[in-house]
Amino acid sequence: MRILLAEPRGFCAGVERAIEIVETALGRHGAPIYVHHDIVHNRQVVQSFRERGVVFVEEIRNVPPGAVLIFSAHGVAQAVRTEADGRRLLAIDATCPLVTKVHREATRFHAQGYEILLIGHRGHPEVVGTMGQLPAGAVHLIETEEDARAVRVRAPGRVAYLTQTTLNIDDVAGIIAVLRGRFPDLAGPTRDDICYATNNRQAAVKELSREADLVLVLGSPSSSNSNRLREVAQECGRRAMLIEGPEDLAPDAFDGVQTVAITAGASTPEVLVQRVVDHLRRRFGATVETRKVVDEKMHFPLPPEMQATGR
Ligand code: SF4
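Residues 38 to 348 in my numbering are what the sequence shown lists, from first letter to last.
This is the structure we're talking about:
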């Protein structure tokens, strides 16, 4: 058996930054500290922080007054910030800068009188946070091309679109094409808001899918970008599975498989990838080839208040 390891895969700059923020806060303030929603969508990352005294909450009212509260990488609605202020929490923002950019675009378009069409998945925390930058009713959620054909706006000449950062690039292109057909003056970001990490990981999985009989995507079921990687491989005509480790692999998963491509979502630690690689080496004597499809060197600095102050 041959393993093709996709590069880039796994942690993106936004996830690395969010994890570093929690680490720094733990070091500075000690446990317990509170995090609004899972800091990133990975079960193992969340569990290991939980064991060190991090408490994950969905409701701000469950955070004791005066405590340290971190907003997850997905971003939060303005109402959540206001509620945190009201409880005198020490709020630290781990929102990915690329999500913050979408929030700014939403605010700017709204201030310019545009009605906003947000392409994304209902209920995903990033979508909830982006919609929550503006008053209720200012943003229409578009999940499918059907939604794009059906959406009703007040002024068709004053419409802007934005997107969730972790979507399937090809699906989004189809939805934008429908919107442009209906609204020729459609405004929006220069390309779309799909982030560099989503773009790069999808490009790599497309490339490797050409050679593989099976594609394994390491990631949690709640991870949007991991689910999209599985979809992209399937759209390339490959069998693909989203797994969290070797224990998720059925005994017959490798029947007839010569070449396995392995990738990982942007919130998946590399140690989980290596567990699967080790498993396949032991079980099948698999060889490993790394395939770099895109060179990725992105880094996001910590918020100023979290940066080291020592000389
Ligand atoms: S997947 Fe993209 S938007 Fe999300 S945290 Fe990573 S870099 Fe930021």
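C-beta atoms are modelled at their ideal positions from N, C-alpha and C, and glycine is treated no differently. Computed from a predicted structure; not experimentally measured.
Residue i Cβ short of 8 Å to ligand 1 heavy atom set
i	result
GLY51	yes
CYS232	yes
VAL77	yes
VAL72	no
PRO134	yes
ALA303	yes
ALA55	yes
MET335	yes
ALA110	yes
ASN264	no
Bridge partner(s) assigned by DSSP for residue i
i	result
LEU255	ILE280, ALA301
HIS177	LEU154
LEU41	ALA298, GLU326
TYR198	LEU154
GLY116	It is worth fixing the name first, because residue 116 is Ala in this sequence and not Gly. Its beta-bridge partners do not exist; DSSP assigns none.
DSSP state of residue i mapped onto helix, strand, coil
i	result
VAL243	Looking at the sequence itself, residue 243 is Lys, so the reference to Val does not match. Reduced to three states, the DSSP call for LYS243 is helix.
ILE70	strand
LEU106	strand
VAL91	strand
ILE212	helix
ARG348	In this prediction, ARG348 scores a pLDDT of 44, lower than 50, which makes its location untrustworthy; no coordinate-derived value is stated.
ASP229	coil
ALA62	helix
ALA287	coil
ALA234	helix
Endpoints, alpha helix (DSSP H) assigned at residue i
i	result
LEU339	Unbroken run through LEU339: none, as it is neither H nor E.
ALA187	182-187
VAL136	134-148
ASP130	It is not in any alpha helix (DSSP H) - ASP130 instead sits in the beta strand (DSSP E) that spans 127-130.
ARG159	Taken as a continuous stretch (DSSP letters only), ARG159 belongs to no alpha helix (DSSP H), as it is neither H nor E.
GLU272	261-272
GLN311	307-321
Cβ-Cβ separation, residue j to residue i (assumed contact under 8 Å), whole Å
i	j	result
PRO306	PHE48	7 Å
VAL3	VAL325	Because the chain here runs from 38 to 348, residue 3 falls outside it and cannot be looked at.
TYR151	VAL196	6 Å
ALA241	VAL297	Not confirmed; about 14 Å, so no contact.
Chain D within 9 Å of residue i, Cβ atoms only
i	result
ASP208	Absence of chain D from the displayed structure is noted, only one protein chain being present.
heavy atom of ligand 2 below 8 Å from residue i C-beta
i	result
THR202	Ligand 2 is absent from the structure shown, which contains only ligand 1.
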